[in-house]
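Numbering (the working numbering), first residue to last: 49 to 179.
One structure below.
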């Protein structure tokens, strides 16, 4: 094996960016616009994305997590949804299938909201659920 081929094998393979039609979630125009504005404000690199995940916790057992990350992780699927790169691990994808992420700016509050058809029950704050 040559030095060049050994170096090539050690470099991580670029993960394909999957189309929105393959994504477990959708982003409304309002959510995408807000995320892209926040990306620009934070001056994130081009390969950065929005991590959408499910973690244990919250008053109903499972909680939503949104975070900006500069790069995807090894097991992530990467989706391009309404111009936003979305990173998602396979386990979270199971809980998020069919979910819509929206951004609401109203007198009742401002922030991202989830509409998840897999949620059997949600807490009052809308940030945790039971599946």
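By construction, the Cβ of each residue, glycine as well, lies at the ideal position given by its N, Cα and C atoms.
Residue i, enclosing beta strand (DSSP E) - first and last residue
| i | result |
| --- | --- |
| residue 63 | From DSSP, residue 63 is part of no beta strand (DSSP E); its letter is neither H nor E. |
| residue 117 | 110-117 |
| residue 150 | 147-154 |
| residue 125 | 125-129 |
| residue 163 | 157-163 |
| residue 133 | 132-136 |
Sequence-distant residues of its chain with Cβ nearer than 6 Å to residue i (five each side left out)
| i | result |
| --- | --- |
| residue 72 | 141, 144 and 145 |
| residue 251 | Since the first residue of the chain shown is 49 and the last is 179, residue 251 is not available in this structure. |
| residue 88 | none |
| residue 95 | 119 |
Whole-Å CB distance - residue i paired with residue j, under 8 Å assumed
| i | j | result |
| --- | --- | --- |
| residue 151 | residue 79 | 4 Å |
| residue 128 | residue 65 | 5 Å |
| residue 75 | residue 130 | 5 Å |
| residue 118 | residue 93 | 6 Å |
| residue 100 | residue 155 | At roughly 27 Å, the Cβ-Cβ gap does not stay under 8 Å, so residue 100 and residue 155 are not in contact. |
Which of helix, strand or coil DSSP assigns to residue i
| i | result |
| --- | --- |
| residue 142 | helix |
| residue 78 | helix |
| residue 101 | strand |
Own chain, CB closer than 7 Å to residue i, minus 5 neighbours either side, in chain order
| i | result |
| --- | --- |
| residue 123 | 137 and 138 |
| residue 90 | 116 |
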